[in-house]
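**Student:**
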C-alpha cells in the first residue's frame, strides 16, 4: 500500500488537536445517536479506518464519525443535525474515486450511502431506470439486459462504482464520444440540500423549468447536494460490435489517423491508442498477439445493426489504410473483439509488472495535438531520465500517460513529479484540461490553480455558497484556495496496487 | 480574447453596476417574445462576432456570442457538419411566418436553450456546450469548461448558462461540440391517433433503430430516420409506413424546427385571437394531454405543443401530472412564463443569481420575476 501523506499535505486544514477532536466527537455522537440505529453510527477508530481514503490511497484522513443511514428520513435527519452543529459532511458511495473526492474531513461526518442499493423501477417503455444512489453502475445494465436495454456510461470501475458516485464525478468510459458522459444519460437526481431539505434536479421530462441545475450538480463532487436517487436513461443494446486493430510505424501517422477517422464523419463507439512501450508491456501480460513492431496501435470500434457495422467498418478501414496503417485486423467474433481489448484494459496492471511504481496522469488535449504531446512526452523521458508508457482515449483526446519510477529512490520520485507536472502544463498549453475523467478531488487542487484564474475560482466558490452557504458539504475539494497554487495533479500508484485491484483501470 | 468589442461590453457593465441600472442583453432580438418581458437598457452583443476557431476533425467550434447563427451553420455545413440539436431560428421580432430573414445569434441560441426536432435522439443545447466565456455582474471575464470532449475540472458552469436567459451574465464566447451530418435520411408517414403514435414511438425507442425525430399532429405521425445508409434502409423495411419524398420531407422538418409550419402558423393566428401556445415538457410515455385545443407531439412524446384557451393552472397541473412542466411560449403570461419552482430550487436560483450578478444588472425578471 502507499505511504499515507499527512493530512496537512492535502486540502484539510492543520490537524485538529486531540482535545478539539474529542469535544467535536462528543457533540456529534450526542446529536446523531438518537437519529440512527446503533450499528449505523461508527466512531471507534477500528470501525472508521476503512473509510479513511477512497481509490486514491495516498491521501488518508480518519473521519470523526461515519453515519450509515438506511432511509431517506435518516439522511435528512443526519444532514439537519450536522448543519445545526456546523459539522462537515462528506457523502461516500463505493469509494472507488481516483482523486480523493470522498476523502474524509478530520472534524466531519462521512455519510456512507452504501445501504441505498435498490433498483426501484425499470420502465421498459420509457427506457428509464429509477435507482438508489448506491446501486452499482453495472448492476443497472444487468437489470436492464433482459429488456434489450443498457446504461451507456461505462467507467472502467463499473462493477464496483455506484451511480451516486458517477453523478458526483460526471463519469465517462470508453464509449463517451458516441454515447456521452453521465450528464447526458441522467434525467433526474433526487436528494437533499446541505440543510437536509429534499430537493429534485431535472425531472422525468427532458428539461426542467428555470436554470439547468442538473448540469451543475452532475460533476460537482458531492459539494452542492447529497444524491440519494437517480433516474437514468437506458439505451437499446447494439446488436453487434466489432473492433479494428491497426498498427502504425510512426506516432504522428497514428495521431493523424485518429483525426482522419473523425474528419471522415465517423463517430466510433470507441477509439483508443497505445504506444510501443505500452504495447510491449501489455503483450507480455495478456499475450493477445499485439504487433510489437508498431510504434502505435489504434483500436477502433463500431457498434449498431449488423448492416450498419459492416458499412462503418469498411469506411474506418479505408481511412486507417489511407493514413498508412501497416497492419490491420478486424474482430470476427465477440471473443476476438474482447481479446483485442484485453491489453488496453490491462494497461495499468501491466505497467505495475514492469516498474516498481508508476504515476498516472489524466489530462485531455485537443485530438489534433495527440502526436505533439506524444513527441513532447518522448522528449521529457530523456529530460527526466524516466520511461513513460502511453494509453489514450484517443477519440476524446484523454491521455493516461503512466510514468515509471522507483519511489524508493528520492531522486527518481522527484524527477517523476517534475515529469508529471510538465505533462499537465504542456496539456494546458496545448489547449487542454488537467483532468478529463478522474475529477479534481483533493489530488488536483493545485493544478486547478493553473487552469483557472483567481476570479474564476472565486466564481466557483460563489456557486458553492449558493447551494451551501456555510460550506460544510465536502469542504476543501475541487476549488483551491488562493493559498495553494504550487504543484500539479497526479496519481501515484505503487506497484500497481489499487484498492480494487481486480478492476480494469484506464 | 481581449479586444475592443469586449472592452466596450466590460465598460458598459461596470457603468451599469455603478449606476445600479439594468441591462437587457441582446443579439438579433428574435426571441424577445420568449420568457418574461425584457427590461433594461439594450446591451448589443453583436459586435462580439466571428468564429474563433473551428477544426472539423476536433468536432469543436469556438464562436463569439454575437455571431449570426446562420453564419455558424453555413460554416459547419461547408465541412459536412452541423448542430445536431437543431435550434429553432426566428426572424427579428420573433416572427415565424417565413417572410423575414432569420437574425438570431449564437449567444441567443445558447441563452434561450431551445432545441428542435432531434432533441430526444441527440440531446439538447446544453449537451453540446463544452465551454464558455462569461462576463459576470462584477464585470469580470471568466472562462469555464474548454474545447475538449472530456473535462471535469471544476463545476460545469458553462452548461449552466444554456437556457439561463442571460440572468447570470453576458455570454461572450462558447465552444460547442458539433457532429457530422448523417449519411442517410428517410422520412416515414403513418395515419394513427395520438395514443397509438405515442405507443409506437416509445416502443421504437427501445429498439436499436435510427429514429432521429418525430412529430404527430392531426392524425398523422411523421418519423425521421438518420444514420448509416444500411441502418436507415433496414429500419424503413421494418417500420413500414409511407415513405415521404425527400423534396417534401426536408422543408417539413425545417418548418417544424423553425416553428413556421402549418401547426405553428395556425397557433400564431390563434394566439392573436386570445389563445395561448404552450410548450409542455413531459415524460415521453405520458398519455395524450387531456386539454382542449390543438396538440402537436414531438421528441418521441417528451414535448407536447398545445394551443388552448384553457386556464394556465389547468395546463400546468396537466403537465405536472405527466411528470414535467409547462411554459407559456406565446400568449398571455400573466401567470408567469415558466412553471413555478419548488421552495429549495427557488432559493438556489436566487442565490445563484446573487453569486453571478450581485447587483441584478443582467436581464432582471427575464426568467423569473424575482431573479
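Chains as they are written, first to last, in my numbering: chain Z, 563 to 1068; chain Y, 11 to 381.
Idealized CB from N, CA, C, for every residue including glycine.
On a CA-only basis, which of Z:634, Z:898, Z:849 is nearest residue 803 of chain Z? Give me that one, please.
**Tutor:** Measuring from the Cα of residue 803 of chain Z, the nearest candidate turns out to be Z:898.
**Student:** If we count the other Cβ atoms within 10 Å of its Cβ and call it buried at 16 or more, is residue 907 of chain Z buried or exposed?
**Tutor:** Residue 907 of chain Z is buried by the Cβ-count criterion.
**Student:** Between the stretch 137–148 of chain Y and chain Z, which residues of the former have CB atoms less than 7 Å from a CB of the latter, in chain order?
**Tutor:** If the cut-off is 7 Å between Cβ atoms, the stretch 137–148 of chain Y has 137, 146 near chain Z.
**Student:** Leaving aside the five residues before and after residue 101 of chain Y along the sequence, list all residues of the same chain whose C-beta is less than 7 Å from its C-beta, in chain order.
**Tutor:** So the list reads 40, 110, 111, 112, 113, once near-sequence residues are dropped.
**Student:** Please name the residues in the stretch 723–743 of chain Z whose beta-carbon is closer than 8 Å to at least one beta-carbon of chain Y, in chain order.
**Tutor:** Cβ contacts with chain Y: 731, 732, 734, 738, 739, 742, 743.
**Student:** For the alpha helix (DSSP H) that contains residue 106 of chain Y, what are its first and last residues?
**Tutor:** Per DSSP, residue 106 of chain Y belongs to no alpha helix (DSSP H) and is neither H nor E.
**Student:** For a test of your reading of the model: does the CB of residue 218 of chain Y fall under 8 Å from any non-hydrogen atom of the ligand MG? Yes or no.
**Tutor:** Questions concerning the ligand MG fall outside what the structure shown contains, since it holds no ligand whatsoever.
**Student:** Excluding five sequence neighbours on each side, which residues of the same chain lie with their C-beta closer than 6 Å to the C-beta of residue 876 of chain Z?
**Tutor:** Answer for residue 876 of chain Z: no residue qualifies.
**Student:** Quick one: any contact between the stretch 163–178 of chain Y and the stretch 192–201 of chain Y, if contact means 3 or more CB pairs under 8 Å?
**Tutor:** Contact fails: fewer than three Cβ-Cβ distances are below 8 Å.
**Student:** What does DSSP give as the partner residues of residue 926 of chain Z in its beta bridges?
**Tutor:** Its beta-bridge partners are Z:960, Z:995.
**Student:** Looking only at its chain, what residues have a beta carbon closer than 8 Å to the beta carbon of residue 980 of chain Z, apart from the 5 residues adjacent to it on each side?
**Tutor:** Cβ neighbours of residue 980 of chain Z beyond the five flanking positions: 946.
**Student:** Which residues in chain Y have a C-beta closer than 7 Å to the C-beta of residue 798 of chain Z? List them in chain order.
**Tutor:** Correct list: 216, 217, 218.
**Student:** Buried or exposed, going by whether 16 or more other CB atoms sit within 10 Å of the CB of residue 60 of chain Y?
**Tutor:** By the neighbour-count rule (16 or more Cβ atoms within 10 Å), residue 60 of chain Y is not buried but exposed.
**Student:** Which of the three DSSP states is assigned to residue 223 of chain Y in this structure?
**Tutor:** Of the three classes helix, strand and coil, the one that applies to residue 223 of chain Y here is strand, per DSSP.
**Student:** Can at least three beta-carbon pairs, one atom from the stretch 234–241 of chain Y and one from the stretch 860–877 of chain Z, be found at a separation below 8 Å?
**Tutor:** Contact between the stretch 234–241 of chain Y and the stretch 860–877 of chain Z is present, because at least three Cβ pairs lie under 8 Å.
**Student:** For residue 160 of chain Y versus residue 1005 of chain Z, is the C-beta distance shorter than 9 Å?
**Tutor:** Result no, Cβ atoms of residue 160 of chain Y and residue 1005 of chain Z do not sit closer than 9 Å.
**Student:** If we ignore side chains and look at the alpha-carbon of each, how far apart do residue 122 of chain Y and residue 307 of chain Y end up?
**Tutor:** So the alpha carbons of these two residues sit roughly 21 Å apart.
**Student:** Just curious, the alpha helix (DSSP H) that residue 860 of chain Z is in, first and last residue?
**Tutor:** First-last for residue 860 of chain Z: 858–866, but that is the beta strand (DSSP E), not the alpha helix (DSSP H).
**Student:** Can you tell me whether residue 874 of chain Z is helix, strand or coil according to DSSP?
**Tutor:** The answer is helix: DSSP assigns residue 874 of chain Z an H, G or I state.
**Student:** Could you tell me whether any Cβ in chain Y is nearer than 9 Å to the Cβ of residue 689 of chain Z?
**Tutor:** Answer yes: the Cβ-Cβ gap between residue 689 of chain Z and chain Y drops below 9 Å somewhere.
**Student:** Below 8 Å, can you find three or more Cβ-Cβ pairs linking the stretch 288–305 of chain Y to the stretch 323–331 of chain Y?
**Tutor:** Taking 8 Å as the limit for Cβ pairs, the verdict is that the stretch 323–331 of chain Y does touch the stretch 288–305 of chain Y.
**Student:** Note down, in chain order, every chain Y residue with its Cβ under 9 Å from the Cβ of residue 1038 of chain Z.
**Tutor:** Per Cβ cutoff of 9 Å: no residues; residue 1038 of chain Z is ~14 Å from chain Y at best.
**Student:** I need the straight-line Cα distance from residue 227 of chain Y to residue 900 of chain Z, nearest angstrom please.
**Tutor:** Rounded to the nearest angstrom, the two C-alpha atoms are 46 Å apart.
**Student:** Output yes or no for whether 9 Å exceeds the beta carbon distance between residue 832 of chain Z and residue 863 of chain Z.
**Tutor:** Their beta carbons are under 9 Å apart, which means residue 832 of chain Z touches residue 863 of chain Z by this criterion.
**Student:** May I ask which residues mark the beginning and end of the beta strand (DSSP E) holding residue 335 of chain Y?
**Tutor:** Per DSSP, residue 335 of chain Y belongs to the beta strand (DSSP E) from 335–340.
**Student:** Check for me: the beta strand (DSSP E) holding residue 681 of chain Z runs from which residue to which?
**Tutor:** Counting along the chain, the beta strand (DSSP E) containing residue 681 of chain Z begins and ends at 681–685.
**Student:** Residues of chain Y with a CB under 7 Å from the CB of residue 960 of chain Z: which are they?
**Tutor:** By Cβ distance, chain Y contributes 160.
**Student:** Alpha carbon to alpha carbon, what distance is there between residue 664 of chain Z and residue 619 of chain Z?
**Tutor:** Approximately 11 Å, taken between the alpha carbons.
**Student:** For residue 829 of chain Z, tell me which candidate among Z:958, Z:622, Z:681 has the shortest Cα-Cα distance.
**Tutor:** Nearest option by C-alpha distance: Z:958.
**Student:** Assess contact between the stretch 145–155 of chain Y and the stretch 783–797 of chain Z, defined as three or more Cβ pairs (one per stretch) separated by less than 8 Å. Is contact present?
**Tutor:** No, they do not touch.
**Student:** Starting from residue 927 of chain Z, find everything on chain Y with Cβ-Cβ shorter than 8 Å and list it in chain order.
**Tutor:** Residues of chain Y passing the Cβ test: 158.
**Student:** In three-state DSSP terms, what is residue 658 of chain Z?
**Tutor:** Coil at residue 658 of chain Z, not helix or strand.
**Student:** Alpha carbon to alpha carbon, how far is residue 168 of chain Y from residue 367 of chain Y?
**Tutor:** The straight-line gap from Cα to Cα measures roughly 16 Å.
**Student:** For residue 91 of chain Y, which three-state DSSP category applies?
**Tutor:** Three-state result, residue 91 of chain Y: strand.
**Student:** What span of residues does the beta strand (DSSP E) with residue 55 of chain Y cover, start to end?
**Tutor:** Counting along the chain, residue 55 of chain Y falls outside any beta strand (DSSP E), and DSSP gives it neither H nor E.
**Student:** Whole angstroms are fine: how far does the CA of residue 25 of chain Y sit from the CA of residue 571 of chain Z?
**Tutor:** At residue 571 of chain Z the pLDDT is 40, less than 50, meaning the model places this residue with poor confidence; the figure from the coordinates comes in the next sentence. C-alpha separation (whole angstroms): 43 Å.
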